[in-house]
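There are 2 protein chains.
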Amino acid sequence: MARRSDHSRQELTELALDKSLEIIDEKGLSGFSARAVAERMGYTVGTLYNVFGSYDGLIFRVNARILDAWHAALAAGLHKTKKDKMRYLAYAYLDFAGRHYNRWTTLFEFHAKSSPPDWYRDRIDRHFRLIEETLLARTQDPHQNRRRAKVLWASIHGICILALGGKLDVVGSDSAKTLIDDLLENYLGAA
Amino acid sequence: MARRSDHSRQELTELALDKSLEIIDEKGLSGFSARAVAERMGYTVGTLYNVFGSYDGLIFRVNARILDAWHAALAAGLHKTKKDKMRYLAYAYLDFAGRHYNRWTTLFEFHAKSSPPDWYRDRIDRHFRLIEETLLARTQDPHQNRRRAKVLWASIHGICILALGGKLDVVGSDSAKTLIDDLLENYLGAA
DNA sequence: CATAATATTGAACAGTGTTCAATATTAATT
DNA sequence: AATTAATATTGAACACTGTTCAATATTATG
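Chains as they are written, first to last, in numbering that gives the first Met the number 0: chain R, 0 to 190; chain S, 0 to 190.
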């Protein structure tokens with residue numbers, strides 16, 4: 000039996016999240032389970048439930064981790080970019096989704112039974128604000144800006160999720176990148 | 000015990016698909032299970048597996064039904080529409096997704112372990128061709144046409160899935176319809 | 001009418017999230 | 001230091017999932 004002094008509560012959550020991402024990287028969400036995580040931690044399901052309360056509670060934390068990494072990857076290069084920030088953002092979006100495909104799809108394949116906690120919604124908002132602020136360099140009208148941000152956000156998401164999921168017959172020249180180029184060219188070029 | 004003369008094989012599949020859609024309409028994919036379908040049919044799981052082979056096999060058939068209904072809804076009004084067919088198509092897309100939300104999300108929430116059968120891919124292609132052909136009225140270059148169809152297809156999909164899923168803060172004026180309008184206006188207006 | 005063929009059943013299996021009494025470990029108190 | 005209170009950990013149990021398959025019931029065939 001694992002002694003309770005082996006890991007503090009915080010170390011325990013850290014360990015759980017690490018092992019969770021490990022499993023997701025290896026097998027995706029379908030290979031993910033509470034018992035699988037517990038086993039890799041060297042603990043049992045009970046302990047996991049004592050820490051996270053429920054399966055949903057655990058995955059929300061895992062997804063928050065993924066969102067944090069994703070946001071960091073987007074924001075990092077954005078500050079260094081001077082011209083055409085919007086295009087950089089879209090590329091970086093696609094790049095992360097492709098590089099960490101299993102983590103990225105987990106964000107959307109997971110359908111919680113309960114509604115997301117506040118700290119999770121905050122991370123979604125933060126993600127969205129990135130596009131909104133990048134667009135702000137182009138437009139001044141805040142209403143129009145928000146609407147355009149939503150359209151671009153949703154469109155880029157749609158392109159990534161269908162293209163990377165192999166549901167758009169994207170081969171050769173018509174890669175996901177090309178589609179994003181086409182979207183930005185025509186949508187923003189006209190606006 | 001149900002006699003095997005009660006329903007022919009075809010009647011059996013029909014019954015199963017009907018009950019499946021019934022459950023999905025009521026509870027969504029999370030309330031859907033092989034046993035639940037069998038129970039409503041008045042049979043047992045074994046019979047269901049004898050007919051459909053596997054859970055994935057069943058759901059692919061259910062989803063094909065949903066795609067058929069969706070395609071019919073899109074195509075029906077499209078032929079009657081004269082001007083701005085593209086806008087009609089996008090509206091009809093959104094309308095079906097909203098009117099039969101549980102059926103629509105089932106199409107995307109279901110993640111098969113096996114790759115889809117040919118007759119399923121055909122239905123996806125047929126769906127995509129609708130946009131492609133509608134666009135053809137605008138452009139002549141087939142390469143450009145295909146690319147634009149993909150971009151629009153993915154973008155509209157992204158808008159619907161995020162907006163209807165409540166992940167875009169779409170309230171008041173910024174409804175999903177408004178976003179679609181904005182997309183078509185700017186993307187096609189420039190092209 | 002006997003036999004071959006097959007449709008249907010229901011129990012069994014391994015897996016899932018979830019709960020919770022029993023136990024082991026630590027902290028607090030005397 | 002010994003006892004007691006508090007809590008972390010366990011593992012069995014529950015209801016559910018998809019899946020399999022021998023046994024049985026039903027129908028078709030010779």
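Even glycine gets a Cβ: it sits at the ideal position worked out from N, Cα and C. Computed from a prediction, not measured in an experiment: that's the story for all the values here.
1. Skipping 5 residues on each side, what residues in its chain have a beta carbon closer than 6 Å to that of S:Leu167?
2. Just checking: is the beta-carbon of S:Leu70 within a distance shorter than 8 Å of some beta-carbon in chain R?
3. Can you name the start and end residues of the alpha helix (DSSP H) that S:Gly97 belongs to?
4. Are the C-beta atoms of S:Ala63 and some chain R residue less than 8 Å apart?
5. Do R:Phe109 and R:Asn62 have their CB atoms nearer than 8 Å?
6. Could you tell me whether the Cβ atoms of R:Asp55 and R:Ala91 are closer together than 8 Å?
7. Suppose you measure from the CA of S:Asp180 to the CA of S:Arg86; what does that come to, to the nearest Å?
8. Indicate whether at least one CB of chain R lies closer than 8 Å to the CB of S:Asn185.
9. How many Å lie between R:Ile23 and R:Phe31 at the Cα?
10. Mapping DSSP to helix, strand and coil, what is S:Tyr54?
11. Should R:Leu11 and R:Ala33 be called a contact, given that it needs their Cβ atoms to be closer than 8 Å?
12. Cβ closer than 8 Å: which chain S residues qualify as neighbours of R:Asp181?
13. Work out the CA separation of R:Leu88 and S:Gly52 for me, nearest whole Å.
14. What residue does the alpha helix (DSSP H) around S:Ser29 start on, and which one ends it?
15. What are the residues in the stretch 153 to 164 of chain R lying within 9 Å of chain S by C-beta distance?
16. Under 8 Å between beta-carbons, which chain R residues line up against S:Thr177? List them in chain order, please.
17. Looking at chain S, is there any beta carbon in it that lies within less than 8 Å of the beta carbon of R:Leu129?
18. In chain R, what lies closer than 9 Å to S:Leu167 by C-beta?
19. Could you say if the stretch 36 to 45 of chain S and the stretch 70 to 81 of chain S meet the contact criterion of at least three C-beta pairs nearer than 8 Å?
20. If the cut is a Cβ gap below 9 Å, which residues of chain S does R:Ile123 touch?
21. Have a look at R:Phe95 and S:Leu106 and give me their C-alpha separation to the nearest angstrom.
22. Taking a contact to mean a Cβ-Cβ separation below 8 Å, would you say S:Gly157 touches R:Ser154 in this structure?
23. Given that a residue counts as buried once 16 or more other Cβ atoms are within 10 Å of its Cβ, and exposed if not, what is R:Lys149?
24. Between which two residues does the alpha helix (DSSP H) holding S:Met193 run?
25. Taking only the alpha-carbon atoms, compute the straight-line gap between S:Leu129 and R:Glu131 and give it to the nearest angstrom.
26. CA-CA distance, R:Ser113 and R:Leu28?
27. If you draw a straight line from the C-alpha of R:Asn185 to the C-alpha of S:Val50, how long is it?
28. Within this structure, are the beta carbons of R:Leu47 and R:Ala71 separated by less than 8 Å?
29. Rank R:Glu25, R:Asp140, R:His142, R:Gly45 by C-alpha distance to the C-alpha of R:Phe1 and give the top, closest one.
30. To the nearest angstrom, how far is it from the Cα of S:Trp69 to the Cα of R:Leu93?
31. Using a 10 Å radius around the Cβ and a threshold of 16 neighbouring Cβ atoms, would you call S:Lys18 buried or exposed?
32. Please look up how many angstroms separate the CB atoms of S:Ser122 and S:Leu66, rounded, as I've assumed it's under 8 Å.
33. Mind checking which residues open and close the alpha helix (DSSP H) that includes R:Val169?
34. Write down the C-beta distance between R:Leu134 and R:Arg64 rounded to the nearest angstrom, noting that I regard them as a contact closer than 8 Å.
Answer, in terms of the structure:
1. Against the second sequence, residue 167 of chain S aligns to sequence position 168. Here the set comprises Leu161.
2. For this step, residue 70 of chain S is matched to residue 71 along the second sequence. Residue identity differs from the one stated: residue 70 of chain S is His in this sequence, not Leu. Contacts with chain R at 8 Å (Cβ-Cβ) do not include S:His70.
3. Against the second sequence, residue 97 of chain S aligns to sequence position 98. Element bounds for S:Gly97: 84 to 98.
4. As a working mapping, residue 63 of chain S is identified with position 64 in the second sequence. Closer than 8 Å: no.
5. As a working note, residue 109 of chain R is residue 110 in the first sequence. As a working note, residue 62 of chain R is residue 63 in the first sequence. Yes, the pair counts as a contact, with Cβ atoms nearer than the cut-off.
6. Reading the first sequence from its first residue, position 56 is the one you call residue 55 of chain R. Reading the first sequence from its first residue, position 92 is the one you call residue 91 of chain R. Not closer than 8 Å, so no.
7. Taking the first residue of the second sequence as 1, we reach residue 180 of chain S at position 181. Taking the first residue of the second sequence as 1, we reach residue 86 of chain S at position 87. C-alpha of S:Asp180 to C-alpha of S:Arg86: approximately 8 Å in a straight line.
8. Counting from one through the second sequence, the residue named residue 185 of chain S turns up at place 186. Cβ-Cβ to chain R under 8 Å: yes for S:Asn185.
9. For the purposes of this step, residue 23 of chain R is taken as the residue at position 24 of the first sequence. For the purposes of this step, residue 31 of chain R is taken as the residue at position 32 of the first sequence. Answer to the nearest angstrom: the Cα atoms are 6 Å apart.
10. Residue 54 of chain S sits at position 55 when you count from the first residue of the second sequence. Three-state result, S:Tyr54: helix.
11. By 1-based counting over the first sequence, the position of residue 11 of chain R is 12. By 1-based counting over the first sequence, the position of residue 33 of chain R is 34. No. Outside cutoff.
12. Position 182 of the first sequence, counting from 1, holds the residue named residue 181 of chain R. Going along chain S in sequence order, the residues near R:Asp181 (Cβ under 8 Å) are Arg146, Arg147, Val150.
13. Taking the second sequence and counting its residues from 1, one reaches residue 52 of chain S at position 53. Taking the first sequence and counting its residues from 1, one reaches residue 88 of chain R at position 89. Distance between S:Gly52 and R:Leu88, taken at the CA atoms: about 45 Å.
14. As a first step, residue 29 of chain S is located in the second sequence; it is residue number 30 there, counting from the start. Membership of S:Ser29 in any alpha helix (DSSP H) is not indicated, and neither H nor E is assigned to it by DSSP.
15. Within the stretch 153 to 164 of chain R, the residues whose Cβ lies closer than 9 Å to some Cβ of chain S are Ala153, Ser154, Ile155, His156, Gly157, Ile158, Cys159, Ile160, Leu161, Ala162, listed in chain order.
16. Here residue 177 of chain S refers to the residue found at position 178 of the second sequence. The contacting residues are Arg146.
17. Against the first sequence, residue 129 of chain R aligns to sequence position 130. No, its Cβ sits nowhere closer than 8 Å to a Cβ of chain S.
18. Taking the second sequence and counting its residues from 1, the one referred to as residue 167 of chain S is at position 168. Neighbours of S:Leu167 on chain R, chain order: Phe127, Lys149, Trp152, Ala153.
19. These segments do not touch.
20. Counting from 1 along the first sequence, the entry for residue 123 of chain R is found at position 124. Here the neighbours are Lys166.
21. Counted from its first residue, the first sequence places residue 95 of chain R at position 96. Counted from its first residue, the second sequence places residue 106 of chain S at position 107. CA-to-CA, the gap between R:Phe95 and S:Leu106 works out to about 25 Å.
22. As a position in the second sequence, residue 157 of chain S is number 158, starting the count at 1. As a position in the first sequence, residue 154 of chain R is number 155, starting the count at 1. At the C-beta level, S:Gly157 and R:Ser154 come within 8 Å of one another.
23. As a working note, residue 149 of chain R is residue 150 in the first sequence. Result: buried.
24. Chain S is shown from 0 up to 190; residue 193 of chain S falls before or after that span and cannot be answered.
25. Numbered from 1 along the second sequence, position 130 holds the residue referred to as residue 129 of chain S. Numbered from 1 along the first sequence, position 132 holds the residue referred to as residue 131 of chain R. Roughly 32 Å separates the two Cα atoms.
26. Position 114 of the first sequence, counted from the first residue, corresponds to residue 113 of chain R. Position 29 of the first sequence, counted from the first residue, corresponds to residue 28 of chain R. So the alpha carbons of these two residues sit roughly 18 Å apart.
27. For the purposes of this step, residue 185 of chain R is taken as the residue at position 186 of the first sequence. For the purposes of this step, residue 50 of chain S is taken as the residue at position 51 of the second sequence. For R:Asn185 and S:Val50, the gap between their C-alpha atoms comes out near 49 Å.
28. Taking the first residue of the first sequence as 1, we reach residue 47 of chain R at position 48. Taking the first residue of the first sequence as 1, we reach residue 71 of chain R at position 72. Contact flag unset, no.
29. As a working note, residue 1 of chain R is residue 2 in the first sequence. The sequence given here places Ala at residue 1 of chain R; Phe does not occur at that position. If we check each option's Cα against that of R:Ala1, R:Gly45 comes out closest.
30. Reading the second sequence from its first residue, position 70 is the one you call residue 69 of chain S. Reading the first sequence from its first residue, position 94 is the one you call residue 93 of chain R. Rounded to the nearest angstrom, the two C-alpha atoms are 29 Å apart.
31. Stepping through the second sequence from its first residue, residue 18 of chain S is reached at position 19. Taking a 10 Å sphere around the C-beta of S:Lys18, we find 16 or more other C-beta atoms and assign the residue as buried.
32. In the second sequence, the residue the question calls residue 122 of chain S occupies position 123. In the second sequence, the residue the question calls residue 66 of chain S occupies position 67. Reading the sequence as shown, one finds Arg at residue 122 of chain S and not Ser. Their Cβ separation, rounded to whole angstroms, is 4 Å, which keeps S:Arg122 and S:Leu66 in contact under 8 Å.
33. Taking the first residue of the first sequence as position 1, residue 169 of chain R is located at position 170. No alpha helix (DSSP H) contains R:Val169, which DSSP labels as neither H nor E.
34. Your numbering for residue 134 of chain R matches position 135 in the first sequence. Your numbering for residue 64 of chain R matches position 65 in the first sequence. Rounded, the Cβ-Cβ distance is 27 Å, inconsistent with contact.
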